[in-house]
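Trainee: Provided herewith is a single structure, encoded as structure tokens, for subsequent inquiry.
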Amino acid sequence: MFLIQTMNDLELLVEAAVADFGAAPSPAELENAKARFLGKSGRVTELLKGLGALPPEQKKTRGAEINQAKARIEAALQAAREKLAEVELAAQLQAEALDVTLPGRGRGVGGLHPVSRTIERIEAIFASMGFDVAEGPEIETDWMNFTALNSPENHPARSMQDTFYVDIDDAQGRALNLRTHTSPMQVRYARAHAARHAHEIEAGLAMPEIRVIAPGRTYRVDSDATHSPMFHQCEGLWIGENVSFKDLKFVFSEFVRQFFETDDFDVRFRPSFFPFTEPSAEIDIAFRSGPLAGKWLEVAGSGQVHPNVVRNYGLDPERHIGFAFGMGPDRLAMLRYGVSDLRLFFENDLRFLTQFK
Ligand code: PHE
Numbered sequence: 001m002f003l004i005q006t007m008n009d010l011e012l013l014v015e016a017a018v019a020d021f022g023a024a025p026s027p028a029e030l031e032n033a034k035a036r037f038l039g040k041s042g043r044v045t046e047l048l049k050g051l052g053a054l055p056p057e058q059k060k061t062r063g064a065e066i067n068q069a070k071a072r073i074e075a076a077l078q079a080a081r082e083k084l085a086e087v088e089l090a091a092q093l094q095a096e097a098l099d100v101t102l103p104g105r106g107r108g109v110g111g112l113h114p115v116s117r118t119i120e121r122i123e124a125i126f127a128s129m130g131f132d133v134a135e136g137p138e139i140e141t142d143w144m145n146f147t148a149l150n151s152p153e154n155h156p157a158r159s160m161q162d163t164f165y166v167d168i169d170d171a172q173g174r175a176l177n178l179r180t181h182t183s184p185m186q187v188r189y190a191r192a193h194a195a196r197h198a199h200e201i202e203a204g205l206a207m208p209e210i211r212v213i214a215p216g217r218t219y220r221v222d223s224d225a226t227h228s229p230m231f232h233q234c235e236g237l238w239i240g241e242n243v244s245f246k247d248l249k250f251v252f253s254e255f256v257r258q259f260f261e262t263d264d265f266d267v268r269f270r271p272s273f274f275p276f277t278e279p280s281a282e283i284d285i286a287f288r289s290g291p292l293a294g295k296w297l298e299v300a301g302s303g304q305v306h307p308n309v310v311r312n313y314g315l316d317p318e319r320h321i322g323f324a325f326g327m328g329p330d331r332l333a334m335l336r337y338g339v340s341d342l343r344l345f346f347e348n349d350l351r352f353l354t355q356f357k
């Protein structure tokens, strides 16, 4: 009877330990539960300490039973530890799970803006014909933008309607505006060229010809489907002692042929007016086939450089003559790619831009 009762005590103790270990939600709590049973003053340890008070004949059996219970409790502890470790590992795997079937997040490959591509194309074609490429400031002096180009002080092109004026003058006190065209680059480039070759010019020797294009941003107070307040121009200038309109016609036709990759077009010079050229002409082209067939398209302004302007280059208009032209890369990009609204180029909508990659 006594034996059975003590067996039950130990059985209950083992069950309590198994239940406690199983309920421990974390390794730390499991170790606390272990201490309650197997620690220095744990319940099993207390039972073993109590053996000393038993008569010797009971000591042996009781001791063996307690040790048996202790071994079962230790096994339960070990099982609970393993179970917690498994749960922890499963949670970690879950948290760090990788779905290898997801598509990669690679960096998109960029591309040049269609207008930049167009300008590069223009540069390559003119470079192949011996033209230099120059760049100049977008904030320009009133003198470079207008006066040097033979635009009288009261010329309507200077009015508030189409020019962005800059409130602050430059360090020399000169009035500034956002350049309304790339034509001031004629003056900047030709003056630098004349200064570089001053010796030859003064000695009456032939000056190397000026052959340059100058692409870049230009600004006017203007905004609709075909005009943007910021747009691009590309200036061209060819000055020598024997340069004429027929050279302009050849060079420009050659450019169109290479730019549009076709021979199937006509070029027309339509009389026009610019203060800085005389005579002046708009250059129109018409494709003989394709979606734009038969329509005259204005692609550039041009003309023989006005003597007053040649003088502002620092050159002698009796000796140095030639032509200038100004075209719109935005316009050329629209024609080449079949884009109907200029504003699409400047809205930076990737759905539009990625079509040109
Ligand atoms: N600058 C002129 C414009 O903006 C174009 C042009 C350039 C005309 C050179 C003649 C010569 O319209």
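Residue numbers for the sequence shown follow the working numbering, so the first one is 1 and each next one is one higher. Cβ atoms here follow ideal geometry from the backbone N, Cα and C, with glycine treated the same way.
(1) Could you tell me whether any non-hydrogen atom of the ligand SAM is closer than 8 Å to the CB of residue 15?
(2) Just the Cα atoms here: how many angstroms apart are residue 17 and residue 103?
(3) Within this structure, are the beta carbons of residue 181 and residue 235 separated by less than 9 Å?
(4) Which ranges does the alpha helix (DSSP H) cover as unbroken runs of at least 4 residues, wholly within the segment 232-312, from first to last along the chain?
(5) Indicate the three-state DSSP secondary structure (helix, strand or coil) for residue 383 in the structure shown.
(6) Excluding the five sequence neighbours on either side, which residues of its own chain have a C-beta within less than 6 Å of the C-beta of residue 59, listed in chain order?
(7) In three-state terms, what does DSSP make of residue 144?
(8) Verify the contact flag: residue 163, CB atom, against every heavy atom of the ligand PHE, threshold strictly below 8 Å.
(9) State yes or no: is the C-beta of residue 276 nearer than 8 Å to some heavy atom of the ligand PHE?
(10) Within 10 angstroms of its Cβ, does residue 154 collect 16 or more other Cβ (buried), or is it exposed?
(11) Using the Cβ count rule (16 or more neighbours within 10 Å means buried), how would you classify residue 355?
(12) Does the segment 186-195 come within contact of the segment 208-225, defined as at least 3 CB pairs closer than 8 Å?
(13) Residue 73 and residue 30 - do their beta-carbons sit closer together than 9 Å?
(14) Start and end of the beta strand (DSSP E) containing residue 214?
(15) In whole angstroms, give me the CA-to-CA distance for residue 299 and residue 283.
(16) Pick out the complete beta strand (DSSP E) segments inside the segment 155-183, 3 residues or longer, and give them in chain order.
(17) Is DSSP giving residue 20 helix, strand or coil here?
(18) Taking DSSP as the reference, what is the three-state secondary structure of residue 338?
(19) Please work out which residues of its chain come closer than 8 Å, Cβ to Cβ, to residue 338, disregarding the five sequence neighbours upstream and downstream, and give them in chain order.
(20) Tell me whether residue 133 sits in a helix, a strand or coil according to DSSP, three-state version.
(21) Regarding residue 147 and the ligand PHE, is the C-beta to nearest heavy atom distance less than 8 Å?
(22) Any heavy atom of the ligand PHE inside 8 Å of the beta-carbon of residue 340?
(23) Check residue 193 in the structure and name its three-state DSSP category.
(24) Between which two residues does the alpha helix (DSSP H) containing residue 97 stretch?
(25) Hey, is residue 172 close to the ligand PHE, as in C-beta under 8 Å from one of its heavy atoms?
(26) Shorter than 8 Å, the distance from the beta carbon of residue 182 to the closest heavy atom of the ligand PHE, or not?
(27) Please state the DSSP three-state secondary structure of residue 330.
(28) With the cut-off set at 9 Å, would you say residue 346 and residue 228 are in Cβ contact?
(29) Sorry if obvious, but does the Cβ on residue 190 come closer than 8 Å to a heavy atom of the ligand PHE?
(30) Put residue 322 into one of helix, strand or coil per three-state DSSP.
(31) Is residue 324 a contact residue of the ligand PHE, with contact defined as CB to any heavy atom under 8 Å?
(32) What's the gap between the Cα of residue 323 and the Cα of residue 279?
(33) Which of the three DSSP states, helix, strand or coil, is assigned to residue 224?
Mentor: If we stick to the structure as given:
(1) Of the ligands this structure carries, namely the ligand PHE, none is the ligand SAM.
(2) Residue 17 and residue 103: Cα-Cα distance of roughly 50 Å.
(3) In this structure, residue 235 lies closer than 9 Å to residue 181 by Cβ.
(4) Entirely contained in the segment 232-312, the alpha helix (DSSP H) runs reaching 4 residues are, in chain order, 245-260 and 307-312.
(5) Nothing about residue 383 can be reported from this structure: the residues present for the chain run from 1 to 357 only.
(6) Here the set comprises 51.
(7) The answer is helix: DSSP assigns residue 144 an H, G or I state.
(8) At a cut-off of 8 Å, the beta-carbon of residue 163 does not count as near the ligand PHE: no heavy atom of the ligand is closer than that.
(9) Yes, since a heavy atom of the ligand PHE falls inside the 8 Å radius drawn around the Cβ of residue 276.
(10) Exposed, since its Cβ has fewer than 16 Cβ neighbours within 10 Å.
(11) The residue in question, residue 355, is exposed, as its Cβ has fewer than 16 Cβ neighbours within 10 Å.
(12) Enough Cβ pairs lie closer than 8 Å, so yes.
(13) In this structure, residue 73 does not lie closer than 9 Å to residue 30 by Cβ.
(14) For residue 214, the enclosing beta strand (DSSP E) stretches over residues 210-219.
(15) When rounded, the distance between both Cα atoms is 6 Å.
(16) At a cut-off of 3 residues, the continuous stretches assigned as beta strand (DSSP E) that sit fully inside the segment 155-183 are 176-178.
(17) Three-state DSSP puts residue 20 in a helix.
(18) Residue state, collapsed to three classes: coil.
(19) Contacts found: 291.
(20) Per DSSP, reduced to three states, the secondary structure at residue 133 is strand.
(21) For the ligand PHE, not one heavy atom lies less than 8 Å from the Cβ of residue 147.
(22) No - the ligand PHE has no heavy atom lying nearer than 8 Å to the Cβ of residue 340.
(23) DSSP, read as helix, strand or coil, puts residue 193 in helix.
(24) Neither: residue 97 is in no alpha helix (DSSP H) and is coded neither H nor E.
(25) The closest heavy atom of the ligand PHE lies 8 Å or more from the beta carbon of residue 172.
(26) Annotation for residue 182 indicates a beta carbon within 8 Å of some heavy atom of the ligand PHE.
(27) In this structure, residue 330 counts as helix in the three-state DSSP scheme.
(28) Yes. Within cutoff.
(29) Incorrect: residue 190 has no Cβ contact closer than 8 Å to the ligand PHE.
(30) Residue 322 carries a strand assignment under DSSP once its states are collapsed to helix, strand and coil.
(31) Checking the Cβ of residue 324 against the ligand PHE gives yes.
(32) Straight-line Cα distance between these residues: approximately 10 Å.
(33) In the structure shown, the three-state DSSP call for residue 224 is strand.
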